[in-house]
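Protein chains in written order, with our numbering: chain H, 6 to 120; chain P, 8 to 119.
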């Protein structure tokens, strides 16, 4: 079955530690995205990549880093510089870049808790 | 003021009821409008996509856009317990996915 796999589903981290969230897709999509979801707030875009070896900052990129070395993989690192990392993180992908050419497909999310 | 406002709910209805979910927005340039459904601890999935104004129907779901009032709605007819989820509106002025602005979501509970 085609889809997006995020791992781990739940992750606990001590303050000051970096953590990497995995996102893999087998949909052959060019574009991939990372969002953060917090209670009382809409999904906010952290980073996106429209093609391999290229990525762009979203609205809240500070304290995060990404890489896009393979088409199917877009890992997100939450660094110790991120002030409020506890959140639900969602990875998504799309065939093309534009809303009228397809849709965003989301993974099941990773819940990060900083202790 | 947020660009997109959505009542968080929860909205509780009995099975079979007609449900109306709404979002208001402040950016008059928005022209792409979407509704997503998100089950607990899952990722959102696209329900409806509308470009510009008007209505769109898909089965029990109808999406309505009123650009003059900066107001969009999602109607669910004959609601089912399986419709219990959080419904997110999303919209954009530009065609790129990276420009989407999401509402906070409305939690819907449909009781048998």
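Glycine included, C-beta positions come from ideal geometry on N, C-alpha and C.
Backbone CA spacing between residue i and residue j [nearest angstrom]
i	j	result
residue 83 (chain H)	residue 22 (chain P)	42 Å
residue 101 (chain H)	residue 84 (chain P)	32 Å
residue 20 (chain H)	residue 118 (chain H)	10 Å
residue 9 (chain H)	residue 43 (chain H)	21 Å
residue 81 (chain P)	residue 70 (chain P)	5 Å
residue 67 (chain P)	residue 39 (chain P)	21 Å
residue 66 (chain H)	residue 12 (chain H)	20 Å
residue 17 (chain H)	residue 32 (chain H)	29 Å
residue 69 (chain H)	residue 56 (chain H)	19 Å
Given residue i as reference, the closest of the options once Cα atoms are compared
i	options	result
residue 32 (chain P)	P:102, P:104, P:77 and P:92	P:77
residue 40 (chain H)	H:26, H:119 and H:22	H:26
residue 12 (chain P)	P:71, P:98, P:56 and P:69	P:98
residue 9 (chain P)	H:36, H:49, H:75 and H:22	H:49
residue 14 (chain P)	P:101, P:37 and P:94	P:94
residue 45 (chain H)	P:73, P:17, P:67 and P:42	P:17
residue 63 (chain P)	P:42, P:109 and P:100	P:42
residue 52 (chain P)	H:120, H:114, H:110 and H:115	H:110
residue 101 (chain P)	P:19, P:34, P:49 and P:27	P:34
residue 58 (chain P)	P:73, P:25 and P:105	P:73
Interface partners of residue i on chain P, CB under 8 Å
i	result
residue 103 (chain H)	102, 103 and 104
residue 38 (chain H)	104 and 105
Chain-ordered chain H contacts of residue i [CB-CB under 7 Å]
i	result
residue 94 (chain P)	Under the 7 Å cutoff, chain H gives no residues; its nearest Cβ is about 12 Å from residue 94 (chain P).
residue 72 (chain P)	Here the premise fails: no neighbours, minimum Cβ distance about 14 Å.
8 Å Cβ cut-off: residues of chain H touching residue i
i	result
residue 15 (chain P)	45
Contact list for residue i against chain P, beta-carbon separation under 9 Å
i	result
residue 99 (chain H)	104
Which of the residues in the stretch 40-52 of chain P, read from start to end, lie with their CB under 9 Å from any CB of chain H? 41, 43, 45, 48, 49, 50, 51 and 52
Mind listing, in chain order, the continuous beta strand (DSSP E) runs of no fewer than 3 residues lying wholly within the stretch 23-109 of chain P? 26-32, 39-45, 52-58, 61-65, 68-73, 78-83 and 92-99
Taking any Cβ of chain P, which residues in the stretch 56-90 of chain H have a Cβ under 8 Å from it, in chain order? 61 and 63
Scan the stretch 106-120 of chain H for residues whose Cβ lies nearer than 7 Å to a Cβ of chain P and list them as they occur along the chain. 108, 109, 111, 112, 113 and 114
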